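Residue numbers (the numbering used here), protein chains in the order written: chain H, 1 to 320; chain E, 1001 to 1405.
No residue lacks a Cβ here, since even glycine has one placed at the ideal position from N, Cα and C.
For clarity, every value in this text was computed on a predicted model and none was experimentally measured.
Working notes, beginning with the structure itself.
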């Protein structure tokens, strides 16, 4: 690790020593960075510009029970509720498993052991599985295998499937599998950042390892776990592919009442509005409005996560 | 600092003094765990296997639905059942077991049916035979591998061609157009994203002042927070018209537009991993170069970048995996036409978009359904391999920086 003074010395080298190729290339990479930021800004400004006007309480909380493509009638209330429901359910499934895995990896696992390496490889791989494959998995495993079995056991002779069809719970579970690596990695990072001295002090006072983990380490890691959860939620809220076949509905007259109901979804609604609208020009304000709501949701969450993380890092740096 | 699962694979950030955590692992465990605690600790171990279990289950259950395609037990030929017709008059002479198989009934069904019903069923068979399409292609089992991968001259075509047309009278399942579509969109995305992302990574990690760096990195990574459906929407509504006005090509939605939008989604992935790799090169490397009188750029380009090269490769490989598996952007912006050509300005249909667009309309357990699951297995395999390659590159980087090689 370098001290800040050295870095500043390096900066002085640059100013003291002019070389045209270096100057040009530095400008080029700087321009690349700038271009990326400009494109991000273009996306955000375009969406905010066209979408902000369409946001009204009626649109945000109104129901979509009439024509969903009609500017004067459409509302995204049920979609917001549907997305919230699937995301909250997902959190309930993913946080305990993710945090436990992270605890194992940081506190118990031996660095080079086979188990550790296999778990790590699995987590990395899970993070790279395409979202549409998760959708297929949800259909093949949760709906056909688990749901189908439940129907056979509990509702034998019932012509309509109860569990073996797209449903809120299956969509949430599919998303939980998808966001597992996000939670594991964020929690692990925060656990690793906690000074070893804290654990040693606890052990020296006669605590067992589990007591140390649960009462000393875990409370310290809480902001990190929170970050992981928020990142998982923000990631899942914007995903459409995994819920296409596992629970999202094109249109529903009523809100989901049970775990086995389908639901309308904000992100899926963006897809529906942009591809299925009979007149894209007319429904444009609704489309932009829906995108703004979705972006506000995911971006606000992301921003909160980044801020928490930065604060945690700073405070831990002082502690360590 | 990453807002996605992917960029984090470059080992969690080790804070100063982290080497001591090894001591923590080996440290005597304080008091001996009580029996209850022992149980809890075993439970923790068990729960940690969930990730492994899930990878295994994904492979198993996506593969299970696609298995008949791989095993070759699927038959999509329209006239297959009628190739041997038993005339109704011969009914009395045919053995019961043979008749049962011919009618495709279970034993219970067969036993429950009276003579007349069986007779009607046989008559239906013969009628169905007469109504089967009068086309040589109707006899073909299109789920065989030679039709999935090789060209075939279908009735009405003047040369052998690769055709994906699952919802026509003859179900054509050639996946070559989809592979070409996926590769074209992915290549365009990487062509656009990799130079920008790596340039930005070099700038942010090596050239920018520490204070700029502090906000530049999260700002670029904010791009990862844009959901892919929003990126797809943006490509469809804004980018497509904009690019068409600039470049003046014919079809509004094509591999080029999809590639640019896909590139925007890939940039944060490549950037994060490349930036982490460049930052993990010890400062002393560039400080030595600077002390010898090089400029910051020379130090970054000639010293730091070569040292971090495996990590940069990993960034590109993982970016590839992300691009080829992305669904919503290509579904919305690529035009979804199965055209095989070299032009970037033609519409394409990718593997992922095909699954997303067609699965809802298929019969569960039918050949189209199974074929789409087969595409899923293919995607899973490709991304699995690119993840593996990425991991290997990162391990190589780690080994190199720790001086083990």
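- Query: Do residue 1140 of chain E and residue 1173 of chain E have their C-beta atoms within less than 7 Å of each other?
  - Reply: Here the question's residue 1140 of chain E lines up with position 140 in the second chain. Here the question's residue 1173 of chain E lines up with position 173 in the second chain. Note that the C-beta distance between residue 1140 of chain E and residue 1173 of chain E is not below 7 Å.
- Any idea what DSSP makes of residue 1348 of chain E, helix, strand or coil? In the second chain, the residue the question calls residue 1348 of chain E occupies position 348. Strand at residue 1348 of chain E.
- Query: Would you say residue 287 of chain H and residue 297 of chain H are within 7 Å of each other, going by their C-beta atoms?
  - Reply: Stepping through the first chain from its first residue, residue 287 of chain H is reached at position 287. Stepping through the first chain from its first residue, residue 297 of chain H is reached at position 297. No Cβ-Cβ contact shorter than 7 Å links residue 287 of chain H with residue 297 of chain H.
- Query: Where residue 1186 of chain E and residue 1323 of chain E are concerned, what is the direct C-alpha to C-alpha distance, given to the nearest angstrom?
  - Reply: As a first step, residue 1186 of chain E is located in the second chain; it is residue number 186 there, counting from the start. As a first step, residue 1323 of chain E is located in the second chain; it is residue number 323 there, counting from the start. A straight-line Cα-Cα distance of about 6 Å links residue 1186 of chain E and residue 1323 of chain E.
- Query: Given a threshold of 16 other Cβ atoms within 10 Å of its Cβ, counted over all protein chains shown, does residue 1395 of chain E qualify as buried or as exposed?
  - Reply: As a first step, residue 1395 of chain E is located in the second chain; it is residue number 395 there, counting from the start. Burial call: exposed.
- Item | Limits of the unbroken alpha helix (DSSP H) element including residue 268 of chain H | Translated into the one-based positions of the first chain, residue 268 of chain H becomes position 268. Where residue 268 of chain H is concerned, the enclosing alpha helix (DSSP H) stretches over 266-276.
- Query: Residues in the segment 146-178 of chain H with C-beta within 7 Å of chain E's C-beta atoms, listed in sequence order?
  - Reply: If the cut-off is 7 Å between Cβ atoms, the segment 146-178 of chain H has 177 near chain E.
- Message: Which residue wins for smallest C-alpha separation from residue 143 of chain H, given the options H:307, H:295, H:259 and H:291?
- Response: Walking along the first chain from the start, residue 143 of chain H turns up at place 143. The option with the nearest alpha carbon to residue 143 of chain H is H:259.
- For residue 263 of chain H, the residue or residues it bridges with in DSSP: As a working note, residue 263 of chain H is residue 263 in the first chain. Under DSSP, residue 263 of chain H takes part in a beta bridge, and its partners are H:248.
- Message: Measuring alpha carbon to alpha carbon, tell me which residue in E:1301, E:1386, E:1143 and E:1040 is nearest residue 1170 of chain E.
- Response: Locating residue 1170 of chain E in the second chain gives position 170, counting from the first residue. Ranking E:1301, E:1386, E:1143 and E:1040 by Cα distance to residue 1170 of chain E puts E:1143 first.
- Task: Could you check if residue 1074 of chain E is buried or exposed, using at least 16 other CB atoms within 10 Å of its CB as the buried criterion?
- Result: By 1-based counting over the second chain, the position of residue 1074 of chain E is 74. So residue 1074 of chain E counts as buried.
- To the nearest angstrom, how far is it from the Cα of residue 1105 of chain E to the Cα of residue 1094 of chain E? Your numbering for residue 1105 of chain E matches position 105 in the second chain. Your numbering for residue 1094 of chain E matches position 94 in the second chain. Taking the Cα positions, residue 1105 of chain E is about 15 Å away from residue 1094 of chain E.
- Message: Measuring straight from C-alpha to C-alpha, what distance separates residue 16 of chain H and residue 26 of chain H?
- Response: Taking the first chain and counting its residues from 1, one reaches residue 16 of chain H at position 16. Taking the first chain and counting its residues from 1, one reaches residue 26 of chain H at position 26. Because the pLDDT at residue 16 of chain H is just 47, under 50, the model does not fix this residue reliably, and the value given afterwards should be weighed accordingly. Taking the straight line joining both Cα atoms gives about 15 Å.
- Item | For residue 1162 of chain E and residue 1176 of chain E, believed in contact at Cβ under 8 Å, the rounded distance | For the purposes of this step, residue 1176 of chain E is identified with residue 176 of the second chain, where counting begins at 1. For the purposes of this step, residue 1162 of chain E is identified with residue 162 of the second chain, where counting begins at 1. Their Cβ separation, rounded to whole angstroms, is 4 Å, which keeps residue 1176 of chain E and residue 1162 of chain E in contact under 8 Å.
- Task: Spell out a yes or no on whether the segment 1351-1364 of chain E and the segment 131-148 of chain H are touching, meaning 3 or more CB-CB pairs, one atom from each, closer than 8 Å.
- Result: Yes, the segment 1351-1364 of chain E is in contact with the segment 131-148 of chain H.
- Which of the three DSSP states, helix, strand or coil, is assigned to residue 1206 of chain E? For the purposes of this step, residue 1206 of chain E is taken as the residue at position 206 of the second chain. Helix at residue 1206 of chain E.
- Where DSSP assigns a beta bridge to residue 107 of chain H, which residues make up the other side? On the first chain, residue 107 of chain H is found 107 positions in, with the first residue counted as 1. Bridge partners of residue 107 of chain H: none, in fact.
- Message: Cutting at 8 Å between CB atoms, please list the residues of its own chain near residue 30 of chain H, excluding the five before and the five after it.
- Response: The sequence position of residue 30 of chain H within the first chain is 30, counting from 1. The beta carbon of residue 30 of chain H sits closer than 8 Å to no other beta carbon from its chain once the five residues preceding and following it are set aside.
- Simplified DSSP assignment, three categories, for residue 155 of chain H: For the purposes of this step, residue 155 of chain H is taken as residue 155 along the first chain, with counting starting at 1. In the structure shown, residue 155 of chain H falls within a coil segment according to DSSP collapsed to helix, strand and coil.
- For residue 1240 of chain E, verify whether its CB is less than 6 Å away from any heavy atom of the ligand FAD. Absent from the structure shown: the ligand FAD. Ligands present: none.
- Query: Considering only C-alpha positions, which residue in the set E:1267, E:1301 and E:1165 is nearest to residue 1338 of chain E?
  - Reply: One-based indexing of the second chain puts residue 1338 of chain E at position 338. From the listed residues E:1267, E:1301 and E:1165, the smallest Cα separation to residue 1338 of chain E is found for E:1165.
- Item | Other residues of its chain near residue 1326 of chain E: CB distance less than 7 Å, five sequence neighbours each side excluded | Here residue 1326 of chain E is taken as the residue at index 326 of the second chain, counted from 1. Cβ within range, chain order: 1228, 1262, 1265 and 1352.
- Quick one, which residues of the segment 235-252 of chain H are near chain E if we go by CB-CB under 8 Å, in chain order? Listed in sequence order: 235, 237, 238, 239, 240, 241, 244 and 245.
- residue 1244 of chain E versus chain H: which residues are under 9 Å apart at the beta carbon? Position 244 of the second chain, counted from the first residue, corresponds to residue 1244 of chain E. Close to residue 1244 of chain E, with beta-carbon spacing below 9 Å, lies no residue of chain H; the smallest spacing is near 15 Å.
- Message: Using only the alpha-carbon positions, how far apart do residue 211 of chain H and residue 1046 of chain E sit?
- Response: For the purposes of this step, residue 211 of chain H is taken as the residue at position 211 of the first chain. For the purposes of this step, residue 1046 of chain E is taken as the residue at position 46 of the second chain. Looking at the two C-alpha atoms, the distance is approximately 19 Å.
- Message: In the DSSP output, which residue or residues are listed as bridge partners for residue 1165 of chain E?
- Response: As a working mapping, residue 1165 of chain E is identified with position 165 in the second chain. Answer is E:1172, bridged to residue 1165 of chain E.
- Message: Check whether the segment 302-312 of chain H and the segment 207-227 of chain H are in contact - that is, three or more C-beta pairs closer than 8 Å.
- Response: The segment 207-227 of chain H and the segment 302-312 of chain H touch, with three or more beta-carbon pairs separated by less than 8 Å.
- Task: Below 7 Å CB to CB, which residues in the same chain sit around residue 1299 of chain E once its five sequence neighbours on both sides are set aside?
- Result: The count along the second chain starts at 1 and reaches residue 1299 of chain E at position 299. Here the set comprises 1286, 1289 and 1290.
- Message: By DSSP's criteria, residue 1335 of chain E is part of a beta bridge. Which residues make up the other side?
- Response: Residue 1335 of chain E sits at position 335 when you count from the first residue of the second chain. Paired residues: E:1348.
- residue 1102 of chain E - containing alpha helix (DSSP H), residue span: Start at 1 with the first residue of the second chain, and residue 1102 of chain E comes out as number 102. It spans 1096-1103 - the alpha helix (DSSP H) in which residue 1102 of chain E sits, taken as one unbroken run.
- Start and end of the alpha helix (DSSP H) containing residue 1294 of chain E? As a working note, residue 1294 of chain E is residue 294 in the second chain. Segment: none, residue 1294 of chain E is in no alpha helix (DSSP H) and carries neither H nor E.
- Message: Please classify residue 1115 of chain E as buried or exposed, where buried requires at least 16 neighbouring CB atoms within 10 angstroms.
- Response: Here residue 1115 of chain E refers to the residue found at position 115 of the second chain. By the neighbour-count criterion, in which 16 or more other beta carbons inside 10 Å mark a residue as buried, residue 1115 of chain E falls on the exposed side.
- Can the beta-carbon of residue 216 of chain H be found less than 7 Å from the beta-carbon of residue 234 of chain H? On the first chain, position 216 is the one that residue 216 of chain H refers to. On the first chain, position 234 is the one that residue 234 of chain H refers to. Result no, Cβ atoms of residue 216 of chain H and residue 234 of chain H do not sit closer than 7 Å.
- Item | Span of the alpha helix (DSSP H) around residue 1157 of chain E | The sequence position of residue 1157 of chain E within the second chain is 157, counting from 1. Counted as a single uninterrupted DSSP element, the stretch harbouring residue 1157 of chain E is not any alpha helix (DSSP H), since DSSP gives it neither H nor E.
- residue 225 of chain H versus chain E: which residues are under 9 Å apart at the beta carbon? Sequence index remark: in the first chain, residue 225 of chain H carries index 225 (1-based). Within chain E, no residue comes near residue 225 of chain H; the closest Cβ sits about 14 Å away, beyond 9 Å.
- Reduced DSSP secondary structure (H/G/I, E/B, other) of residue 46 of chain H: Walking along the first chain from the start, residue 46 of chain H turns up at place 46. It is helical.
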